[in-house]
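Asker: Right, I'll just put the structure down here and ask away after.
Protein chains: 2
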Amino acid sequence: MISVTCVAPVNIALIKYWGKRHEDLILPVNDSISMTLSTDELCAKTTVTASETFERNRMWLNGEEVPFEEGSRLQRCLKEVHRLAVAKGSQKVPPSWKLHIASVNNFPTAAGLASSAAGYACLVYSLSRLYDIPLNEELTTVARQGSGSACRSLYGGFVQWHRGALDNGSDSVAKQIAPSDHWPDMHVLILVVNDARKKTASTRGMQQSVKTSQLIKHRVDQVVPDRITKLRQAIRSHDFQTFAEITMKDSNQFHAVALDTYPPCVYMNDVSHSIVSFVHDYNERMGSYHAAYTFDAGPNACLYVLAENVPHLLSAVQKVFPNDLTDGSTYLRGLPIPEVENTESSKIDSLDVHAKNAFRYIIHTKVGEGPSELGAESLLMNGLPLEH
Amino acid sequence: MISVTCVAPVNIALIKYWGKRHEDLILPVNDSISMTLSTDELCAKTTVTASETFERNRMWLNGEEVPFEEGSRLQRCLKEVHRLAVAKGSQKVPPSWKLHIASVNNFPTAAGLASSAAGYACLVYSLSRLYDIPLNEELTTVARQGSGSACRSLYGGFVQWHRGALDNGSDSVAKQIAPSDHWPDMHVLILVVNDARKKTASTRGMQQSVKTSQLIKHRVDQVVPDRITKLRQAIRSHDFQTFAEITMKDSNQFHAVALDTYPPCVYMNDVSHSIVSFVHDYNERMGSYHAAYTFDAGPNACLYVLAENVPHLLSAVQKVFPNDLTDGSTYLRGLPIPEVENTESSKIDSLDVHAKNAFRYIIHTKVGEGPSELGAESLLMNGLPLEH
Numbered sequence: 001m002i003s004v005t006c007v008a009p010v011n012i013a014l015i016k017y018w019g020k021r022h023e024d025l026i027l028p029v030n031d032s033i034s035m036t037l038s039t040d041e042l043c044a045k046t047t048v049t050a051s052e053t054f055e056r057n058r059m060w061l062n063g064e065e066v067p068f069e070e071g072s073r074l075q076r077c078l079k080e081v082h083r084l085a086v087a088k089g090s091q092k093v094p095p096s097w098k099l100h101i102a103s104v105n106n107f108p109t110a111a112g113l114a115s116s117a118a119g120y121a122c123l124v125y126s127l128s129r130l131y132d133i134p135l136n137e138e139l140t141t142v143a144r145q146g147s148g149s150a151c152r153s154l155y156g157g158f159v160q161w162h163r164g165a166l167d168n169g170s171d172s173v174a175k176q177i178a179p180s181d182h183w184p185d186m187h188v189l190i191l192v193v194n195d196a197r198k199k200t201a202s203t204r205g206m207q208q209s210v211k212t213s214q215l216i217k218h219r220v221d222q223v224v225p226d227r228i229t230k231l232r233q234a235i236r237s238h239d240f241q242t243f244a245e246i247t248m249k250d251s252n253q254f255h256a257v258a259l260d261t262y263p264p265c266v267y268m269n270d271v272s273h274s275i276v277s278f279v280h281d282y283n284e285r286m287g288s289y290h291a292a293y294t295f296d297a298g299p300n301a302c303l304y305v306l307a308e309n310v311p312h313l314l315s316a317v318q319k320v321f322p323n324d325l326t327d328g329s330t331y332l333r334g335l336p337i338p339e340v341e342n343t344e345s346s347k348i349d350s351l352d353v354h355a356k357n358a359f360r361y362i363i364h365t366k367v368g369e370g371p372s373e374l375g376a377e378s379l380l381m382n383g384l385p386l387e388h
Numbered sequence: 001m002i003s004v005t006c007v008a009p010v011n012i013a014l015i016k017y018w019g020k021r022h023e024d025l026i027l028p029v030n031d032s033i034s035m036t037l038s039t040d041e042l043c044a045k046t047t048v049t050a051s052e053t054f055e056r057n058r059m060w061l062n063g064e065e066v067p068f069e070e071g072s073r074l075q076r077c078l079k080e081v082h083r084l085a086v087a088k089g090s091q092k093v094p095p096s097w098k099l100h101i102a103s104v105n106n107f108p109t110a111a112g113l114a115s116s117a118a119g120y121a122c123l124v125y126s127l128s129r130l131y132d133i134p135l136n137e138e139l140t141t142v143a144r145q146g147s148g149s150a151c152r153s154l155y156g157g158f159v160q161w162h163r164g165a166l167d168n169g170s171d172s173v174a175k176q177i178a179p180s181d182h183w184p185d186m187h188v189l190i191l192v193v194n195d196a197r198k199k200t201a202s203t204r205g206m207q208q209s210v211k212t213s214q215l216i217k218h219r220v221d222q223v224v225p226d227r228i229t230k231l232r233q234a235i236r237s238h239d240f241q242t243f244a245e246i247t248m249k250d251s252n253q254f255h256a257v258a259l260d261t262y263p264p265c266v267y268m269n270d271v272s273h274s275i276v277s278f279v280h281d282y283n284e285r286m287g288s289y290h291a292a293y294t295f296d297a298g299p300n301a302c303l304y305v306l307a308e309n310v311p312h313l314l315s316a317v318q319k320v321f322p323n324d325l326t327d328g329s330t331y332l333r334g335l336p337i338p339e340v341e342n343t344e345s346s347k348i349d350s351l352d353v354h355a356k357n358a359f360r361y362i363i364h365t366k367v368g369e370g371p372s373e374l375g376a377e378s379l380l381m382n383g384l385p386l387e388h
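Chain order of the listed sequences is A and B.
Position 211 of the first sequence, counted from 1, bears residue number 211 in UniProt numbering, the numbering being contiguous throughout.
Position 122 of the second sequence, counted from 1, bears residue number 122 in UniProt numbering, the numbering being contiguous throughout.
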């Protein structure tokens with residue numbers, strides 16, 4: 001019996017992935033760029049155990065067994081890893097040994113944060129460690145077939161998922177633009193918004209967009225390529241102003257395309273739009289971009305902000321979206337936040353309250369590294385049944 | 001002293017007007033199509049009085065005096081009418097006589113229904129009666145310079161505002177596609193949504209869209225022309241299915257473009273999106289389009305529905321958006337609604353409640369005629385100060 005345990009990060013897209021050109025291979029209609037978040041605050045953790053005695057492959061997600069079906073994305077990832085292991089002549093684990101896989105996310109599913117990217121990245125990375133396969137572009141094509149944006153979670157820092165041109169998807173790979181230590185003071189506040197609406201699953205949503213939106217083609221052909229070039233340059237040159245503007249515009253355009261879909265897909269809610277309005281007000285008062293919002297297929301906001309501006313931004317957020325929770329330790333999560341210096345407080349004194357108790361909690365995190373293997377002491381047991 | 005009193009209708013766009021190619025002349029970037037609503041339920045009413053003894057032009061809107069400034073849109077409309085009167089050699093009223101103008105809307109401003117279209121149409125039509133100028137395409141260019149969509153309110157039924165190609169705007173005119181008796185059973189339910197947010201004024205919003213949205217060009221060049229052709233055909237052939245689909249898609253696309261604007265313009269709220277979702281559910285249950293939503297620059301929904309389907313649709317609306325108001329006479333306004341036949345009630349039994357008390361009230365109205373002159377007994381006094 002041999003076990004491997006790894007963690008993998010969440011990534012948040014700056015240029016959004018929306019729309020596939022091939023459903024099964026998960027080939028996107030446009031390039032996307034993301035920032036990888038530190039695994040200290042948010043991560044998936046996976047233990048893969050291979051044993052001669054296991055009768056069949058099984059998987060547990062957050063403690064609940066999930067089907068390991070023929071033709072599933074899970075199965076496809078495993079097959080692809082086996083193929084790479086055979087190609088490399090890896091002898092570490094016989095391919096005939098069945099696997100037990102346990103995976104957990106260290107953040108509540110209720111938070112509505114996309115967990116599949118971190119989850120599939122962690123699965124594929126763990127399998128690569130098990131079968132002794134190197135992390136390279138080819139491995140990102142495997143993660144991509146689990147969940148598109150999972151390919152971006154195989155690297156730390158700033159990552160571009162290249163659309164690729166080939167039908168077989170072999171050039172639809174993720175590549176690092178810059179490592180996390182290139183811009184280490186790039187921080188994020190995640191505002192987890194209370195929301196109870198049912199929404200269109202993103203897989204279905206992007207299918208419908210490609211089929212029905214008349215604007216998506218224009219986005220893909222005429223808008224995204226230029227944004228990719230400019231955002232890469234902004235990241236390379238630590239240009240937060242350009243970074244912020246492209247990020248906000250691309251978030252808005254993704255939601256515009258979702259709305260142009262028929263029937264329309266709506267992921268932001270009134271609170272989300274209120275955050276957008278607040279960020280624009282705030283930046284205007286500060287005289288330049290101090291914060292940039294982005295929203296994925298849900299109502300939660302990710303605010304990009306440089307480390308030095310975190311305390312001031314947070315105090316503005318708390319003024320505009322106050323909460324009644326007395327236990328600050330569960331409301332404010334993640335990296336500690338230094339006391340605000342009062343020098344700039346006059347700029348937010350006149351901000352109006354938009355909504356009370358609008359957020360479930362706020363997570364403070366920052367740019368981080370890609371997946372990593374943990375020691376044997378980190379073996380994941382809590383996701384597995386006792387007989388494991 | 002000579003007085004003229006007229007009423008003019010509200011119109012609701014099916015293909016949206018959004019974006020100007022000339023700010024002062026109010027020339028649009030694309031053609032639009034609207035339906036004129038009956039003045040029995042919603043209208044502007046204007047009395048224009050000309051007198052040798054008036055010292056200056058004055059205007060009262062809903063009882064409050066508004067400035068009559070040089071260079072204002074109001075002033076521009078009056079000048080244009082004078083120009084037409086001179087050109088026609090009209091002798092009815094000397095152009096040197098000053099005017100007192102009183103205008104009221106018979107619906108609360110708080111309803112958030114666009115009142116400027118009806119208001120300027122009524123002003124221009126009243127002036128045309130005063131100076132004995134015929135209602136023709138040229139007159140629509142005058143109303144257009146008051147408020148773009150006002151040109152569409154000069155005709156009843158279904159109306160197209162042609163973008164035009166000339167720099168001076170003389171070919172940017174409204175023309176009737178079909179009169180109201182062409183499709184008399186085209187009814188509308190207006191769901192007036194409770195909302196307290198501040199929003200971007202539409203004049204400013206469309207300026208920003210033209211300047212910053214990367215999607216609006218594609219809409220204008222590639223999407224709207226085809227929709228105009230198909231919607232004209234659908235109206236001519238009483239094809240409610242095509243009418244409904246184009247109307248809903250165009251509403252969605254207008255709001256998508258607003259969202260792609262930077263900073264984004266957001267006019268729909270959670271309740272609006274909930275109405276969208278309800279209409280799609282409802283139509284799916286009914287097996288074909290029985291209702292079509294459209295939203296202007298605000299959260300209120302206009303639901304187009306054929307007369308025979310009004311009672312059933314309303315009962316579905318009431319099931320999904322119940323209200324606690326005990327006085328039905330103020331909640332349900334406008335045309336009476338026959339009792340629902342129970343034959344189809346099973347199809348809405350399983351609809352879930354989306355939101356309670358989400359609407360301020362519901363107005364039931366239908367396609368209607370253009371502006372008309374009223375008798376002397378209708379002289380509007382309530383908008384004017386006593387000394388008038």
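Using N, Cα and C, we set each Cβ at its ideal position, and we do this for glycine too.
I'd like to know if P263 (chain A) contacts chain D, where contact means its C-beta is closer than 7 Å to some C-beta of that chain.
Answerer: Here chain D cannot be found, since the structure's protein chains are A and B.
Asker: For D349 (chain A) and I362 (chain A), what's the separation of their Cα atoms in angstroms?
Answerer: For the purposes of this step, residue 349 (chain A) is taken as the residue at position 349 of the first sequence. For the purposes of this step, residue 362 (chain A) is taken as the residue at position 362 of the first sequence. Taking the straight line from one Cα to the other gives about 21 Å.
Asker: Would you mind stating whether L84 (chain A) and V4 (chain A) have Cβ atoms separated by less than 7 Å?
Answerer: Walking along the first sequence from the start, residue 84 (chain A) turns up at place 84. Walking along the first sequence from the start, residue 4 (chain A) turns up at place 4. No, Cβ-Cβ distance for L84 (chain A) and V4 (chain A) is not below 7 Å.
Asker: Considering Cα atoms alone, identify which of A:F254, A:S272, A:M248 and A:V271 is closest to Y262 (chain B).
Answerer: Walking along the second sequence from the start, residue 262 (chain B) turns up at place 262. Closest by alpha carbon: A:M248.
Asker: Below 7 Å between beta carbons: does that hold for V223 (chain B) and Q214 (chain A)?
Answerer: Here residue 223 (chain B) refers to the residue found at position 223 of the second sequence. Here residue 214 (chain A) refers to the residue found at position 214 of the first sequence. Their beta carbons are under 7 Å apart, which means V223 (chain B) touches Q214 (chain A) by this criterion.
Asker: Going straight from the alpha carbon of T242 (chain A) to that of T141 (chain B), what length do you get?
Answerer: For the purposes of this step, residue 242 (chain A) is taken as residue 242 along the first sequence, with counting starting at 1. For the purposes of this step, residue 141 (chain B) is taken as residue 141 along the second sequence, with counting starting at 1. Each residue's alpha carbon lies about 43 Å from the other.
Asker: Measuring only between beta-carbons, confirm whether K249 (chain A) sits less than 7 Å from chain B.
Answerer: In the first sequence, residue 249 (chain A) corresponds to position 249, counting from 1. Closer than 7 Å to some Cβ of chain B, the Cβ of K249 (chain A) qualifies, so yes.
Asker: Quick check for students: name the residue ranges of the alpha helix (DSSP H) that lie wholly in the segment 129-156 of chain A, counting only runs of 4 or more.
Answerer: Within the segment 129-156 of chain A, the complete alpha helix (DSSP H) runs of at least 4 residues are 137-146.
Asker: Measure the alpha-carbon distance for M59 (chain B) versus C43 (chain B) and round it to whole angstroms.
Answerer: Within the second sequence, the letter at position 59 stands for residue 59 (chain B). Within the second sequence, the letter at position 43 stands for residue 43 (chain B). Their Cα atoms are separated by approximately 18 Å.
Asker: Could you pull the start and end residues of the beta strand (DSSP E) that Q160 (chain B) belongs to?
Answerer: Position 160 of the second sequence, counting from 1, holds the residue named residue 160 (chain B). Q160 (chain B) -> beta strand (DSSP E) spans F158 to W161.
Asker: Can you give the Cα-Cα distance for D226 (chain A) and L37 (chain B), rounded to whole angstroms?
Answerer: On the first sequence, position 226 is the one that residue 226 (chain A) refers to. On the second sequence, position 37 is the one that residue 37 (chain B) refers to. Straight-line Cα distance between these residues: approximately 45 Å.
Asker: Indicate whether at least one CB of chain A lies closer than 7 Å to the CB of L113 (chain B).
Answerer: Within the second sequence, numbered from 1, the residue matching residue 113 (chain B) stands at position 113. Judged by the 7 Å Cβ criterion, L113 (chain B) is not in contact with chain A.
Asker: So does the segment 158-168 of chain A actually touch the segment 112-122 of chain A, counting three or more Cβ pairs closer than 8 Å?
Answerer: Contact fails: fewer than three Cβ-Cβ distances are below 8 Å.
Asker: Need the endpoints of the beta strand (DSSP E) that R58 (chain A) sits in, please.
Answerer: Numbered from its first residue, the first sequence carries residue 58 (chain A) at position 58. From DSSP, the beta strand (DSSP E) with R58 (chain A) extends over R58 to L61.
Asker: Which residues share a DSSP beta bridge with A165 (chain A)?
Answerer: Mapped onto the first sequence, residue 165 (chain A) falls at position 165. Answer is none; A165 (chain A) lacks a bridge partner.
Asker: Which residues in the same chain have their Cβ closer than 7 Å to the Cβ of G370 (chain B), if we skip the five residues on either side of it in sequence?
Answerer: Residue 370 (chain B) sits at position 370 when you count from the first residue of the second sequence. Closer than 7 Å at the Cβ level, and outside the excluded window around G370 (chain B), lie P9, T36, L154, Y155 and G156.
Asker: Strictly under 7 Å for the Cβ-Cβ distance: is H280 (chain A) near chain B by that measure?
Answerer: On the first sequence, residue 280 (chain A) is found 280 positions in, with the first residue counted as 1. Yes, H280 (chain A) counts as interfacial toward chain B.
Asker: Could you work out which residues of chain A lie near R219 (chain B), taking near to mean beta carbons separated by less than 8 Å?
Answerer: Stepping through the second sequence from its first residue, residue 219 (chain B) is reached at position 219. Near R219 (chain B) (Cβ distances below 8 Å), the residues of chain A are Q214 and L215.
Asker: Counting only the same chain and skipping the five closest in sequence on each side, list residues whose C-beta sits under 8 Å from that of F54 (chain A).
Answerer: Here residue 54 (chain A) refers to the residue found at position 54 when the first sequence is read from its first residue. Closer than 8 Å at Cβ, skipping near neighbours: W97, K98, L99 and H100.
Asker: With DSSP as the reference, label S372 (chain B) as helix, strand or coil.
Answerer: Start at 1 with the first residue of the second sequence, and residue 372 (chain B) comes out as number 372. In this structure, S372 (chain B) counts as strand in the three-state DSSP scheme.
Asker: Please name the residue in A:I133, A:H255 and A:G169 whose C-alpha comes closest to that of G89 (chain A).
Answerer: Reading the first sequence from its first residue, position 89 is the one you call residue 89 (chain A). When each option's Cα is compared against that of G89 (chain A), the closest is A:I133.
Asker: Could you round the C-beta distance between T294 (chain B) and L113 (chain B) to whole angstroms and report it? I think they count as a contact, below 8 Å.
Answerer: Here residue 294 (chain B) is taken as the residue at index 294 of the second sequence, counted from 1. Here residue 113 (chain B) is taken as the residue at index 113 of the second sequence, counted from 1. Between L113 (chain B) and T294 (chain B) the Cβ distance is about 13 Å, and since that is not below 8 Å, they are no contact.
Asker: Can a CB atom of chain B be found closer than 7 Å to the CB of V173 (chain A)?
Answerer: In the first sequence, counting from the first residue as 1, residue 173 (chain A) sits at position 173. For V173 (chain A), the answer is no, since every Cβ of chain B falls outside 7 Å of its Cβ.
Asker: Below 7 Å CB to CB, which residues in the same chain sit around K230 (chain A) once its five sequence neighbours on both sides are set aside?
Answerer: Counting from one through the first sequence, the residue named residue 230 (chain A) turns up at place 230. Within the same chain, K230 (chain A) has close Cβ partners T242 and I246.
Asker: Do you know whose CA, among B:A244, B:N323, B:T39 and B:Q145, lies nearest Y289 (chain B)'s CA?
Answerer: The residue labelled residue 289 (chain B) in the question sits at position 289 within the second sequence. The shortest Cα separation from Y289 (chain B) among B:A244, B:N323, B:T39 and B:Q145 belongs to B:A244.
Asker: Cβ of A256 (chain B) less than 7 Å from any chain A Cβ?
Answerer: For the purposes of this step, residue 256 (chain B) is identified with residue 256 of the second sequence, where counting begins at 1. By this cut-off, A256 (chain B) is an interface position.
Asker: Tell me the rounded alpha-carbon separation between L127 (chain B) and K92 (chain B).
Answerer: Within the second sequence, the letter at position 127 stands for residue 127 (chain B). Within the second sequence, the letter at position 92 stands for residue 92 (chain B). So the two alpha carbons sit approximately 11 Å from each other.
Asker: What residues from chain B crowd round V266 (chain A), counting only those whose CB sits closer than 7 Å?
Answerer: Along the first sequence, one-based indexing puts residue 266 (chain A) at 266. Going along chain B in sequence order, the residues near V266 (chain A) (Cβ under 7 Å) are H273.
Asker: Find out if the Cβ-Cβ distance for the pair A297 (chain B), S378 (chain B) is shorter than 7 Å.
Answerer: To locate residue 297 (chain B), count along the second sequence from 1; it is residue 297. To locate residue 378 (chain B), count along the second sequence from 1; it is residue 378. Cβ distance not < 7 Å, so A297 (chain B) and S378 (chain B) don't count as in contact.
Asker: Which word fits T330 (chain B), buried or exposed, when buried means at least 16 other C-beta atoms lie within 10 angstroms of its C-beta?
Answerer: One-based indexing of the second sequence puts residue 330 (chain B) at position 330. By the neighbour-count rule (16 or more Cβ atoms within 10 Å), T330 (chain B) is not buried but exposed.
Asker: Would V210 (chain A) and N30 (chain A) qualify as a contact pair, given that the criterion is a beta-carbon distance under 7 Å?
Answerer: Taking the first sequence and counting its residues from 1, one reaches residue 210 (chain A) at position 210. Taking the first sequence and counting its residues from 1, one reaches residue 30 (chain A) at position 30. Cβ atoms of V210 (chain A) and N30 (chain A): not closer than 7 Å.
Asker: Name the two residues that bound the continuous alpha helix (DSSP H) containing F68 (chain A).
Answerer: What you label residue 68 (chain A) is simply residue 68 of the first sequence in a count that begins at 1. Counting along the chain, F68 (chain A) falls outside any alpha helix (DSSP H), and DSSP gives it neither H nor E.
Asker: Counting only beta-carbon separations shorter than 7 Å, does D226 (chain B) have a partner in chain A?
Answerer: As a first step, residue 226 (chain B) is located in the second sequence; it is residue number 226 there, counting from the start. Not one chain A Cβ lies under 7 Å of D226 (chain B).
Asker: At least one CB of chain A closer than 7 Å to the CB of V305 (chain B): is that the case?
Answerer: Translated into the one-based positions of the second sequence, residue 305 (chain B) becomes position 305. Closer than 7 Å: no.
Asker: Would you please verify whether the beta carbon of Q208 (chain A) is less than 7 Å from any beta carbon of chain B?
Answerer: On the first sequence, position 208 is the one that residue 208 (chain A) refers to. False, the Cβ-Cβ gap to chain B never drops below 7 Å.
Asker: Based on DSSP bridge pairs, tell me the residues matched to R333 (chain B).
Answerer: Here residue 333 (chain B) is taken as the residue at index 333 of the second sequence, counted from 1. According to DSSP, R333 (chain B) bridges with B:I363.
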